[in-house]
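Below: the structure, in structure tokens.
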Amino acid sequence: MIELFVSTLITFFVIIDPLGCAPIYAGLSAGASPVQRRAMAIRAVGVATVILLVFALAGEALLKGLGISLASFRIAGGIMLFLIALEMVFEKRTQRREDRAAKVAHDPEADDVSIFPMAMPMIAGPGSIASVMLLVARTNGIEATLVVLAAMGVILLLTLVALLAAGPLMRLLGARIEAVITRLLGVLLAALAVQFVMDGLQVSLR
1 MIELFVSTLI
11 TFFVIIDPLG
21 CAPIYAGLSA
31 GASPVQRRAM
41 AIRAVGVATV
51 ILLVFALAGE
61 ALLKGLGISL
71 ASFRIAGGIM
81 LFLIALEMVF
91 EKRTQRREDR
101 AAKVAHDPEA
111 DDVSIFPMAM
121 PMIAGPGSIA
131 SVMLLVARTN
141 GIEATLVVLA
151 AMGVILLLTL
161 VALLAAGPLM
171 RLLGARIEAV
181 ITRLLGVLLA
191 ALAVQFVMDG
201 LQVSLR
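Heads up: the sequence shown begins at 1 in full-length UniProt numbering, then just goes up one per residue.
So this is what it looks like as structure tokens:
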């Protein structure tokens, strides 16, 4: 169970990327008061948690209803995560997030950024949704499922802390350290993505 918890923790840390969300949120909420920033951060993580829980608990049933096998979803999810990993290694993911944030920042009707783009797609994006479905599907028994959900909860809590401390955190880390961390996490994510694809191929070729 400890090994499952640690591997799940690493997966969600890499996918959700709390340190990567922090500078984006700091920029988006620059014009808000401290009370508004705190409220938006809590709302963003809360909504993202609900979205991920829904897909974690009902995602497999949804796939069955659409006639999609779990093995196919594992392969598709692994490929998608691998593409995200490539973007992280070559810093394209950060640039895309900043471009998306800039569009929202220039929209006068988008004062509240808690739902879009913070909750979805930045926190509960395609990568994290695919990850939680894949990880829950790989577990056997309710205890293992609870371990996966607990690890996800820890990362979401860390994300909330990062958003609340976004300004001071960015001044502490700096752009260069953040870039190094992002690249290292991208390499780890690439390995995890390949494992997802291999698991899907093994099941489909039986």
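Where is the CB? At the ideal position from N, CA and C, for every residue including glycine. In this text, all values refer to a predicted model and were calculated from it rather than measured experimentally.
Is it buried or exposed, residue i, if we count other Cβ atoms within 10 angstroms and call 16 or more buried?
| i | result |
| --- | --- |
| Pro196 | Note that residue 196 is Phe in the sequence shown, not Pro. It counts as buried. |
| Phe13 | buried |
| Ile2 | exposed |
| Ala150 | exposed |
| Ser69 | exposed |
| Pro18 | buried |
| Ile177 | exposed |
| Gly78 | buried |
| residue 208 | Outside the shown range of the chain, which is 1 to 206, sits residue 208, and nothing can be said about it. |
| Val45 | buried |
| Met198 | exposed |
| Pro117 | buried |
| Ala179 | exposed |
| Arg37 | buried |
| Arg206 | exposed |
| Ala191 | exposed |
| Leu189 | buried |
| Ala58 | exposed |
Thinking C-beta only, is residue j closer than 8 Å to residue i?
| i | j | result |
| --- | --- | --- |
| Ala193 | Phe82 | yes |
| Ala124 | Ala22 | no |
| Ile24 | Ser128 | no |
| Ala76 | Gly186 | no |
| Val147 | Phe5 | yes |
| Thr49 | Leu135 | no |
| Val154 | Leu9 | yes |
| Met40 | Ser33 | no |
What first and last residue would you give for the alpha helix (DSSP H) that runs through residue i?
| i | result |
| --- | --- |
| Phe13 | 2–16 |
| Gly67 | Unbroken run through Gly67: none, as it is neither H nor E. |
| Pro126 | 126–138 |
| Met152 | 142–164 |
Does DSSP classify residue i as helix, strand or coil?
| i | result |
| --- | --- |
| Leu205 | coil |
| Val113 | coil |
| Ala85 | helix |
| Ala32 | coil |
| Phe90 | coil |
Contact check, residue i vs residue j under 8 Å by CB: the rounded distance?
| i | j | result |
| --- | --- | --- |
| residue 212 | Ser114 | With the chain covering only 1 through 206, there is no way to say anything about residue 212. |
| Met88 | Arg183 | 7 Å |
| Met120 | Ile51 | 6 Å |
| Ala137 | Glu60 | 6 Å |
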